[in-house]
Amino acid sequence: PFDVLIIGGGPAGASAAVYAARKGLRTGLVAERFGGQVMDTEGIENFISVKETDGPKLGAALEAHVRQYDVDIITSQRAKELFPAARPGGLHGVALESGAILHGRTVILATGAHWRHLGVPGEEEYRNKGVAYCPHCDGPFYKGKRVAVAGGGNSGVEAAIDLAGIVAHVTLLQRGSHLKADKVLQDKLYSLPNVTVLTEALTTRIEGNGKNVTGLTYRGGDGADHHVDLEGVFVQIGLLPNTGWLKGALKLTDFGEIVVDSHGATSVPGVFAAGDATTTPYKQIVIAIGGGATAALAAFDYLIRVPAT
Ligand code: FAD
């Protein structure tokens, strides 16, 4: 068995692996795809101390750093079930879809999340070429341009407020008849001069010139198609944690986030979690990396305190 069994090879899992291995712990890491969401990212300009990089470069650097250490890396494998230890100090089991079962005295869950997609023509084709999911990450790339935000919940309205301070104009499209965001956010949104809010506006297509986004089409409440010229579309209809496989094994929120405390501890002693899959606010690379380090150090503390049973 491993001292620390990490599930996930994104920024959080990679960071946990380096920290665990540097404590001399027997460390295993299972990942469907090393690098995680980072691999889907074009420009990254907010990984502090690295002025500019891109996803594949950062993903490769994360993997190279983990491979400096004696970590058993198992890629292209999905975990499908967690079997928590019957008592503190016992072994936790993780079943893989291949049928194998791995054991760890501690487990660190770092399976990340994914943005819900609109599922309209043009969305995939223009991903990172005008279609974006993370305003904190990509907002500055649209300075002085026109963008849309699809989604009228808290994250959509927050994104529109954030972007309005950077871009020339924001069109917010909400499918239903009214915004779902908190009232204070709505008040703030409606006070901004460079924002247009469209309700009963269903985005049906993202258009481009083959290289970049040039506009979008939505179906209005009148049943007709309308066109908006713009350079960017931020899709904000939900960030879904990759935690379906953990249901029933430990405490998740209604949104499926793994509930963690300030040490990355979950509701199961000896099972820790980090990154976008957890309740830790603000889903960012630096934060996931910090969370991975916290979880690994907390796992170490657990191992030196709780005798093996
Ligand atoms: P993830 O990166 O999601 O990694 C999850 C890992 O778990 C992967 O290895 C995955 O294969 C694995 N996994 C999932 N389920 C299973 C399973 N059942 N079994 C085994 N393995 C599993 N953040 C920034 O700070 N700056 C940016 O510029 C930026 N740009 C972004 C652009 C895009 C398009 C996207 C999508 C995100 C961006 N982000 C950015 C957010 C950032 O990528 C995430 O916050 C970060 O990757 C989260 O790290 P994580 O390790 O928690 O999860």
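In terms of our numbering, the numbers along the sequence shown are unbroken and rise by one, the last being 312.
Every residue, glycine too, gets a C-beta built ideally from N, C-alpha and C.
Inter-residue Cα distance where the pair is Ala19 and Asn197: Translated into the one-based positions of the sequence shown, residue 19 becomes position 16. Translated into the one-based positions of the sequence shown, residue 197 becomes position 194. If I take the Cα positions, the gap works out to 43 Å.
Beta-carbon proximity of Val383 to Ala23, cut-off 8 Å: The chain is shown only over 4 to 312; residue 383 falls outside these bounds and no answer can be derived.
Own chain partners of Gly223 with C-beta closer than 7 Å, once the 5 adjacent residues on each side are dropped: Stepping through the sequence shown from its first residue, residue 223 is reached at position 220. Excluding positions up to five away in sequence, the list reads Glu203, Ala204, His229.
Euclidean distance between Cα positions of Ile47 and Gly62: Locating residue 47 in the sequence shown gives position 44, counting from the first residue. Locating residue 62 in the sequence shown gives position 59, counting from the first residue. C-alpha separation (whole angstroms): 11 Å.
Near the ligand FAD: Ala301 beta-carbon under 7 Å from a heavy atom: Position 298 of the sequence shown holds residue 301. Every heavy atom of the ligand FAD is 7 Å or more from the Cβ of Ala301, so no.
Sequence-distant residues of its chain with Cβ nearer than 8 Å to Val110 (five each side left out): Locating residue 110 in the sequence shown gives position 107, counting from the first residue. Around Val110: Val7, Leu8, Ile9, Ile10, Leu85, His95, Val97, Gly273, Val274, Phe275.
Thr283, DSSP secondary structure in three states: Taking the first residue of the sequence shown as 1, we reach residue 283 at position 280. DSSP places Thr283 in coil when its eight states are reduced to three.
Buried or exposed (CB count within 10 angstroms, at least 16 for buried), Asn212: Stepping through the sequence shown from its first residue, residue 212 is reached at position 209. It is exposed - the Cβ of Asn212 has fewer than 16 other Cβ atoms within 10 Å.
7 Å Cβ shell around Ala291 - same chain, five flanking residues per side excluded: Residue mapping note: residue 291 aligns to position 288 of the sequence shown, counting from 1. Contacts found: Gly13, Pro14, Ala15, Ala277, Gly278, Asp279.
Ala311, buried or exposed, once every other Cβ within 10 Å from all chains shown has been counted against 16: The count along the sequence shown starts at 1 and reaches residue 311 at position 308. So Ala311 counts as exposed.
Alpha carbon of Leu243 to alpha carbon of Glu260, nearest angstrom: One-based indexing of the sequence shown puts residue 243 at position 240. One-based indexing of the sequence shown puts residue 260 at position 257. Using only the alpha carbons, I get a separation of about 8 Å.
Rounded separation between Ser52 and Arg178 - CA only: By one-based count along the sequence shown, residue 52 stands at place 49. By one-based count along the sequence shown, residue 178 stands at place 175. Distance between the alpha carbons of Ser52 and Arg178 is about 40 Å.
Beta-carbon spacing of Thr217, Glu210 below 8 Å: Sequence index remark: in the sequence shown, residue 217 carries index 214 (1-based). Sequence index remark: in the sequence shown, residue 210 carries index 207 (1-based). Cβ atoms of Thr217 and Glu210: closer than 8 Å.
Reduced DSSP secondary structure (H/G/I, E/B, other) of Arg29: Indexing the sequence shown from 1 puts residue 29 at position 26. The answer is coil: DSSP assigns Arg29 none of H, G, I, E or B.
Distance between Ala17 and Leu65 (C-alpha atoms, nearest Å): Locating residue 65 in the sequence shown gives position 62, where the first residue counts as 1. Locating residue 17 in the sequence shown gives position 14, where the first residue counts as 1. One C-alpha to the other measures close to 6 Å.
Close-in-space but distant-in-sequence residues of the same chain around Ser180 (CB under 7 Å, 5 per side omitted): Residue numbering aside, residue 180 sits at position 177 when the sequence shown is read from its first letter. Excluding positions up to five away in sequence, the list reads Thr202, Glu203.
Closer than 7 Å: Pro14 CB and nearest the ligand FAD heavy atom: Within the sequence shown, numbered from 1, the residue matching residue 14 stands at position 11. Yes; taking the cut-off as 7 Å, the Cβ of Pro14 has a heavy atom of the ligand FAD nearer than that.
CB-CB length for Thr44 against Asn245, believed under 8 Å: Working through the sequence shown from its first residue, we reach residue 44 at position 41. Working through the sequence shown from its first residue, we reach residue 245 at position 242. Not a contact, Cβ separation roughly 17 Å.
Between the CA atoms of Leu166 and Arg130 - distance to the nearest angstrom: For the purposes of this step, residue 130 is taken as the residue at position 127 of the sequence shown. For the purposes of this step, residue 166 is taken as the residue at position 163 of the sequence shown. About 18 Å.
Completely contained alpha helix (DSSP H) runs for the segment 128-172, where each covers 4 or more residues: 138-141, 157-167
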